[in-house]
Structures are given as C-alpha cells and as structure tokens.
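Accompanying notes for the structure given below.
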Amino acid sequence: NHIPLSGRNPMLQEALGIRPHILVLNKMDLADPHRQPVSTWAGWAGWLAGGPWVATGSGCCQPGRRAAATALLPVSLQIVPLVAKLVGNSPRYHRAESTEYSILVIGVPNVGKSSLINSLRRLHLKKGKATAVGGEPGITKAVLTRIQVCEKPLMYLVDTPGVLPPKLGDVETGMKLALCGAIRDHLVGEDIMADYLLYTLNKWQQFGYVQRYGLAEACDNIELVLRRVALAQGRTQKVKVLTGTGNVNVTMLNYPAAAYEFLRDFRAGRLGRVTLD
Numbered sequence: 144n145h146i147p148l149s150g151r152n153p154m155l156q157e158a159l160g161i162r163p164h165i166l167v168l169n170k171m172d173l174a175d176p177h178r179q180p181v182s183t184w185a186g187w188a189g190w191l192a193g194g195p196w197v198a199t200g201s202g203c204c205q206p207g208r209r210a211a212a213t214a215l216l217p218v219s220l221q222i223v224p225l226v227a228k229l230v231g232n233s234p235r236y237h238r239a240e241s242t243e244y245s246i247l248v249i250g251v252p253n254v255g256k257s258s259l260i261n262s263l264r265r266l267h268l269k270k271g272k273a274t275a276v277g278g279e280p281g282i283t284k285a286v287l288t289r290i291q292v293c294e295k296p297l298m299y300l301v302d303t304p305g306v307l308p309p310k311l312g313d314v315e316t317g318m319k320l321a322l323c324g325a326i327r328d329h330l331v332g333e334d335i336m337a338d339y340l341l342y343t344l345n346k347w348q349q350f351g352y353v354q355r356y357g358l359a360e361a362c363d364n365i366e367l368v369l370r371r372v373a374l375a376q377g378r379t380q381k382v383k384v385l386t387g388t389g390n391v392n393v394t395m396l397n398y399p400a401a402a403y404e405f406l407r408d409f410r411a412g413r414l415g416r417v418t419l420d
C-alpha cells in the first residue's frame, strides 16, 4: 500500500467501535519492500485499535507483478476464517440461529474494496467478478446488494462507496490521497500532483523515473521531467499560431497530458515500488 497510514479514515475507525473488524492493507505489491516496517506499524496500530490485520497484493495486474500477487494469495485466504472466528467469539454479534455472515467493506475511495470482494469470490467460489472496479474514485456509487464470496461458511460482503473525512488533517495527507486516486485529479490539478510526486520520489530516493524517461540524472525540475515524459510518450498537440502570413499549425509538447502519464506510471508501479508514508 502506498499510504498505509494516510489511507485510513479516522471517522470510520471511530464508527466501528467495539464491532468485530479486520484492517486489510491492500496493494502491498506496490509498496516499497525496504520500508515494510511502516506498513507493519500501520497494521499493528489497527490491531491495537480493536481488530487484526492482513495484507493482500492485488494492486497491479501487469504480467511482471503476477508472481508477487500470487505469492500473497494465501494471505487473502485467511480473511474468511478470520471473519468467522471474530464473529463467532463475539457474544454481542453471535446468533446461534443464524448460519450466514454479512460483512460491510468500508474505506477511503480507490483502495481496492471492490477488487477485494471479487478476489475473495474468485478464490472461494471460482466465480467471476460481481462488482465493477476501476482506477479512479467513484466507480462504486451506492451501497450495493450482498455479494456471496464463500459457501462454507456462507458469507456475503457488501460493497460501499469510498468515504473521506469532511476535513483532511493537513495538505500533505490530501496530496498523498490524491496521488493514489482517492481524490479526483482535476480537483487538485495534475500539474500540482506531478510536482509533489517528483518531490516525494526524490525525498525517498526512488529514482525509477530517471531510467524510464531517459533522464541523465535525478532532478527536481518538474518542467524538465514532464518534457521528457512528453517526448518519451509522444504527448504532443497541434496549436494554431497567427502570423503575418496567416495561421500556422505548430506541434507543441502537451504538458498536462504528460503530467497525467507521470501519475499513471506511478499508480501502475512503473516507477518502482514506493511507500509515501
């Protein structure tokens, strides 16, 4: 997970109270393995707050990352028995006459809630996806009907729209959420996000962008980086220029499109495995 700490909504944690719950750290195949203690600390913080935690690796579907995701599948298999154990050991929520479990999946936007449901359904029922997924917030727009993910025990998960707190604690938390797609790009601005992303990559000495875009060395000039992105990805646009002899079409680099490509490469893991927290 790029943001194991910033990606948690404190209001949801308060709302859970004493209810049995599990903290799932998703997309671990995109996180920096050398900074694993950050994710581990986030997991233990969730456990101390009243629930166990597991980590899953469903962040990326590129062929090169399939092995990493497959290696983490046994972790996903722990979720169903863990839920059954938590509910079964809770006198408040254990009902002898009921033989089925209905579980609500909650979290900030675009953290993989729908993907988790589809993954569990595929693992336990060998069925295809039952809820739409996408790389941007707002794909799930309402609380959906129950989706069966397991036969024994009979378990249903309910997909929900992502929920952000009404007010973010600080600007940096907001930027991290935006980089991970929890906030729509146009609300922040792709150019601002790209500049912050470059700053963060340099801060954590993640220089995968240097090789990807053919730079001579790491730099902190976002305009120079976006120029290389535009050239490497062929992001150009034709602009009409009025001259003394008439209109002339001039091909120029499309910096907004280059900023978007820079963000997409980061989210897809093409700039390396990065933990922002």
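Going by the numbering used here, the sequence shown wraps up at 420, each residue one higher than the last. Glycine residues also receive a C-beta, built at the ideal position from the N, C-alpha and C atoms.
- In the structure shown, Glu360 adopts coil according to DSSP, grouped into three states.
- For the beta strand (DSSP E) assignment, the uninterrupted runs of no fewer than 3 residues enclosed by the segment 372 to 403 are, from N- to C-terminal side, 379 to 386, 389 to 396.
- Excluding sequence positions up to five before and after Val251, its CB lies within less than 8 angstroms of the CB of Gly150, Arg151, Asn152, Gly305, Val306, Leu307, Leu320, Ala325, all in the same chain and listed in chain order.
- As a beta-bridge residue in DSSP terms, Met298 pairs with Tyr244, Cys293.
- Take the alpha-carbon of Leu341 and the one of Asp363: they are about 7 angstroms apart.
- When DSSP states are grouped into helix, strand and coil, Leu173 belongs to the helix group.
- Taking Leu268 as the centre and dropping the five residues before and after it, the same chain places no C-beta closer than 6 angstroms to its C-beta.
- For Val353, the secondary structure class from DSSP, reduced to helix, strand or coil, is helix.
- Taking a contact to require three or more Cβ pairs closer than 8 angstroms, the segment 367 to 378 and the segment 397 to 406 qualify as touching.
- Val391 and Leu168 have their C-alpha atoms spaced approximately 53 angstroms apart.
- Going by DSSP, Leu414 is part of no beta strand (DSSP E) at all; its letter is neither H nor E.
- Relative to the Cα of Leu300, the nearest Cα in the group Leu247, Leu166, Asp172, Leu369 belongs to Leu247.
- Apart from the 5 residues on each side of it in sequence, Pro309 has no Cβ closer than 6 angstroms to any other Cβ in its chain.
- Distance between Leu159 and Val292, taken at the CA atoms: about 22 angstroms.
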